[in-house]
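Visitor: Pasting in a structure now, in structure tokens, and then I'll have a few things to ask.
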Amino acid sequence: MNALFERLQRWTMWPMLWKEFLQLRRDRLTFALMTGLPAIQLLLFGYAIQTDVRKLPTVVVDESRTSESRALVQVLENTDNFRVVTAVADRGEAKRWIERGAARVALVIPPDYQRNIRGGHTGVAQLLIDAADPQSSGAAIAGAQLAAQARSTQLLAQRYQLRPPVEIRVRPWYNPAQKSATFIVPGIVGILLTITMTLITSTAIVRERERGTLEQLIVTPIGKSSLMLGKLVPFVLVGYVQMSVILLLGVLFFDIPVRGSLLLLYTLALVFIVASLGVGLLISTVARSQAQAMQLSFFFMLPNILLSGYIFPRAAMPEPAQWLGLALPLTFFLDILRGVLLKGVGVRDLLVQLGALCLLAGTLFTVSVRRFSKTLD
Amino acid sequence: MNAPSVVRTHALHKRFGELVAVHGLDLEIRRGEVFGMLGPNGSGKTTTIRMLCGLVLPTSGTAEVAGFDITTQAERVRRRIGYMSQRYGLYDELTVAENLRFYASVYGLVGRARDVRLAEHIELLGLGERLRQRAGTLSGGWKQRLALACATAHHPDLVFLDEPTAGVDPAARRTFWQTIYELANTGTTVLVTTHYMDEAERCMRLAFLSRGHLIGLGTPAEVVQQFGAKTVEDVFVMLQERDEQGAHPVARS
């Protein structure tokens, strides 16, 4: 028992851990990256990125000037996709508003609009959209169709005293308010862990090689496993702290629900962390300088942001892009994060993701540890 | 006086592809010696040290360091030696005390034993006044002294110093050599490579390397005599000129 304690006390991983934490605390750039990145990501992606388009600035050319035309404008505004900025005299002026960018949409109601409706014909109005940005024009089109339908139903009901024969009632589960933050913030946890495990870990290892301290360590009796554990374990802890901070802020400021088990989430996160550490270690064996390690890490970040489903839905991607996404640990971890937090699912519904993550983690980590070991010889 | 040997190599050979860095080196270094290794750049000094430290494996031949074989017992060799590289291997963000504590701990020193040993060592190397300073803010001379302290904190049998005084001012070099002799007095053998002739003359014995061959061995006086020169510097220049003409007879094998 005593002998065991003594061996544990003399384990060379402890000084390595101790040194690593001191360095983390004192290296200003790393410290800034570790604390600043979560904050910036949260603000940027939580608040600034709103993929749902609302209140497009709209000008109205009302040539009809009747109660019907005013009712149409009202219905359109009620969809919340449009915000009427002003009324303008004619199409020419409306065009100029759009060209200047002061309005994205112009509603043109012709003089015969009310007459047509009252006379049993169809009242036709026109919506001119600046469709350069497909996302906002999509919102405008959807809004316009919704408004026309709503107004038609109202008029038909008035005219024939009928109830609409069909109605679909939509229930948006898991994110009823349809807020992008609810979707994005859990993803920030995944993106941050990726950054910490690849960027910060790889630069920390490459720095040791650059400064000659790695060579110094190899000459000491410190074992390979102590060296690697002492180097990697601190970053696992840093990752967990970051994850907790983001989750806490997400719950406090973005009303992110935590419907499933946090224990499950933290356990599965470890598999993801191991996979990402594998990438970080791999980068450190390839990069010759800290600058190179940083470039390679950012190069790795790009597909993670674009292809994993972090912001852009994977279902909308062409098939090859979807396959590429399957090679990224983040793709599966995002499913886990959103599944546990938003849907409250248990491990049974995440077996596929867990299996894929284990496979990726196993491969990446073995390959990189083997490569790294070789650099130590 | 025949002290036991700390380093003993036999036909030590290292080849990097086409290049033969060390060619059949036979060398014996005795306990308590301050042993100098001299030679122009690329003569095989650093490669020899790196082999003896277990950083690179020899292509052929054998070597024993502190009584252990460098290829089969590398782990045990590492516990008995210290190594100070040209790049010092210090952690800039850590203070002097923390660097010392780290390297001592990595060699398995823990608790009170470590603290006692370090206090003694800090005294010997005169680092007391700088303990709280970050290594990154030290001047060259102090960095060098700290690096030496870190390499010897575990009281090794043998310490390798690879060009330890490159880029350090003369005053600091002098105190450094005083420290080296103090270390040797505590029983630590010192193997040092250098380009400075005044330093070479301070060594107890010298080995001249040229293109991977050992071409001269003995006390500074013996070496000078052997080559029929006046000073160690003359020997060095003579060798280098021979090297540059490519007329070195032994190297062509």
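Residue numbers (our numbering), protein chains in the order written: chain D, 213 to 589; chain Z, 5 to 257.
The beta carbon of each residue, even a glycine, is placed where N, CA and C say it ideally should be.
1) Under three-state DSSP, which class holds D:PRO388?
2) Three or more beta-carbon pairs under 8 Å between the stretch 323–332 of chain D and the stretch 267–277 of chain D, yes or no?
3) What span of residues does the beta strand (DSSP E) with Z:MET88 cover, start to end?
4) So with CB distances below 8 Å, who are the chain Z contacts of D:PRO433?
5) Since D:MET225 and D:LEU441 are thought to touch, with beta carbons under 8 Å apart, how far apart are those beta carbons, to the nearest angstrom?
6) Does Z:GLY132 come within less than 8 Å of chain D when only Cβ atoms are used?
7) Is it buried or exposed for D:SER414, if we count other Cβ within 10 angstroms and need 16 for buried?
8) Can you round the beta-carbon distance between D:ALA352 and D:ASN290 to whole angstroms, since I take them to be within the 8 Å contact cut?
9) Rounded C-beta distance between Z:ILE184 and Z:VAL38? I'm assuming under 8 Å.
10) Could I get the ranges of all uninterrupted beta strand (DSSP E) runs contained in the stretch 328–405 of chain D, with 3 residues as the minimum, in chain order?
11) Would D:TYR522 and D:GLY399 be called neighbours here (beta carbons separated by less than 8 Å)?
12) Got a sec: which bits of the stretch 135–148 of chain Z sit with their beta carbon under 9 Å from any beta carbon on chain D, in order along the chain?
13) Does the stretch 568–585 of chain D touch the stretch 484–496 of chain D, meaning 3 or more C-beta pairs lie closer than 8 Å?
14) Within 8 Å (strictly less), CB to CB, does D:GLY424 reach chain Z?
15) Terminal residues of the continuous beta strand (DSSP E) containing Z:LYS49?
16) If you draw a straight line from the alpha carbon of Z:VAL196 to that of D:LEU494, how long is it in whole angstroms?
17) To the nearest angstrom, how far is it from the Cα of D:ILE458 to the Cα of Z:ARG177?
18) On the DSSP bridge assignment, give the partners of Z:SER64 in chain order.
19) Nearest-angstrom Cα distance between D:LEU571 and D:ILE417?
20) Find the nearest neighbour of Z:ARG134 within the set Z:LEU162, Z:GLU248, Z:ALA157, Z:ASN103, judged by alpha-carbon distance.
21) Can you tell me whether Z:ALA123 is buried or exposed? The criterion is at least 16 other CB atoms within 10 Å of its CB, across all chains shown.
22) Can you give the Cα-Cα distance for D:LEU284 and D:PHE465, rounded to whole angstroms?
23) I think Z:VAL81 touches Z:VAL69, with their Cβ atoms under 8 Å apart; what is that distance to the nearest whole Å?
24) To the nearest angstrom, how far is the alpha carbon of D:VAL401 from that of D:LYS391?
25) In terms of residue numbering, what span does the beta strand (DSSP E) encompassing D:ASP274 cover?
26) Roughly how many angstroms lie between the CA atoms of Z:ALA251 and Z:MET41, to the nearest whole one?
27) Using a cut-off of 7 Å between C-beta atoms, extract the partners of D:ILE417 located in chain Z.
28) Taking the C-alpha atoms as reference points, what is the distance between D:VAL450 and D:ASN516?
29) Decide if D:GLN370 is buried, meaning its Cβ has at least 16 other Cβ atoms within 10 Å, or exposed.
30) Is there a C-beta anywhere in chain Z that falls below 8 Å from the one on D:LEU224?
31) For my contact list, D:LEU569 and D:PHE484 are in at a C-beta cut-off of 8 Å; report their separation, rounded to the angstrom.
32) Reducing DSSP to helix, strand and coil, say where Z:HIS76 ends up.
33) State yes or no: is the beta carbon of Z:PHE72 nearer than 8 Å to at least one beta carbon in chain D?
34) If we ignore side chains and look at the alpha-carbon of each, how far apart do D:PHE510 and D:LEU229 end up?
35) Which residues does DSSP pair with Z:HIS158 in a beta bridge?
36) Nearest to D:THR408 by CA position, among D:GLY558, D:ALA505, D:PHE257, D:GLY331, is which residue?
Guide: Quick look at the numbers:
1) Of the three classes helix, strand and coil, the one that applies to D:PRO388 here is coil, per DSSP.
2) The stretch 323–332 of chain D is in contact with the stretch 267–277 of chain D.
3) Note, Z:MET88: beta strand (DSSP E), 85–88.
4) Neighbours of D:PRO433 in chain Z, taken as residues at a C-beta separation under 8 Å, are given in chain order as GLU79, ARG82, ARG83, VAL110, TYR111, GLY112.
5) The C-beta distance from D:MET225 to D:LEU441 rounds to 5 Å, short enough to fall under 8 Å.
6) It does not; no Cβ of chain D falls within 8 Å.
7) Classification of D:SER414: buried, given that the 10 Å Cβ count is 16 or more.
8) Cβ-Cβ separation between D:ALA352 and D:ASN290: approximately 15 Å, too far for a contact (criterion under 8 Å).
9) About 6 Å; that satisfies the 8 Å criterion.
10) Listed in chain order, they are 338–341.
11) The beta carbons of D:TYR522 and D:GLY399 sit closer together than 8 Å.
12) With the criterion set as a beta carbon lying under 9 Å from some beta carbon of chain D, the members of the stretch 135–148 of chain Z are ARG138, in sequence order.
13) Note that the stretch 484–496 of chain D touches the stretch 568–585 of chain D; at least 3 beta-carbon pairs, one per stretch, sit closer than 8 Å.
14) Taking 8 Å as the CB threshold, D:GLY424 lines the interface with chain Z.
15) Note, Z:LYS49: premise wrong, no beta strand (DSSP E); alpha helix (DSSP H) at 49–56.
16) Rounded to the nearest whole angstrom, the C-alpha separation of Z:VAL196 and D:LEU494 is 36 Å.
17) In a straight line, the C-alpha of D:ILE458 is about 53 Å away from that of Z:ARG177.
18) Note: Z:SER64 sits in a beta bridge opposite Z:HIS17.
19) So the alpha carbons of these two residues sit roughly 25 Å apart.
20) Among Z:LEU162, Z:GLU248, Z:ALA157, Z:ASN103, the Cα nearest to that of Z:ARG134 is on Z:ASN103.
21) Counting C-beta atoms within 10 angstroms of its own C-beta, Z:ALA123 has fewer than 16 neighbours from the protein chains shown and is therefore classed as exposed.
22) Distance between the alpha carbons of D:LEU284 and D:PHE465: 37 Å.
23) The beta-carbon distance between Z:VAL81 and Z:VAL69, rounded to whole angstroms, is 5 Å. This is short enough to meet the 8 Å contact definition.
24) Those two C-alpha atoms are separated by around 17 Å.
25) Start and end: 268–274.
26) Note on Z:ALA251: pLDDT 47, under 50, position unreliable in the model; no value is reported.
27) Listed along chain Z is no residue with a C-beta nearer than 7 Å to that of D:ILE417; the closest approach is about 14 Å.
28) In a straight line, the C-alpha of D:VAL450 is about 20 Å away from that of D:ASN516.
29) So D:GLN370 counts as exposed.
30) The displayed chain sequence assigns Thr, not Leu, to residue 224 of chain D. With 8 Å as the cut-off, D:THR224 counts as an interface residue toward chain Z.
31) Approximately 6 Å separates the beta-carbon atoms of D:LEU569 and D:PHE484; this is inside 8 Å, confirming the contact.
32) Here residue 76 of chain Z is Thr; the residue named in the question, His, does not match the sequence. In the structure shown, Z:THR76 adopts coil according to DSSP, grouped into three states.
33) For Z:PHE72, the answer is no, since every Cβ of chain D falls outside 8 Å of its Cβ.
34) Rounded to the nearest angstrom, the gap between the Cα atoms of D:PHE510 and D:LEU229 is 27 Å.
35) According to DSSP, Z:HIS158 bridges with nothing at all.
36) Ranked by Cα distance from D:THR408, the options D:GLY558, D:ALA505, D:PHE257, D:GLY331 are led by D:ALA505.
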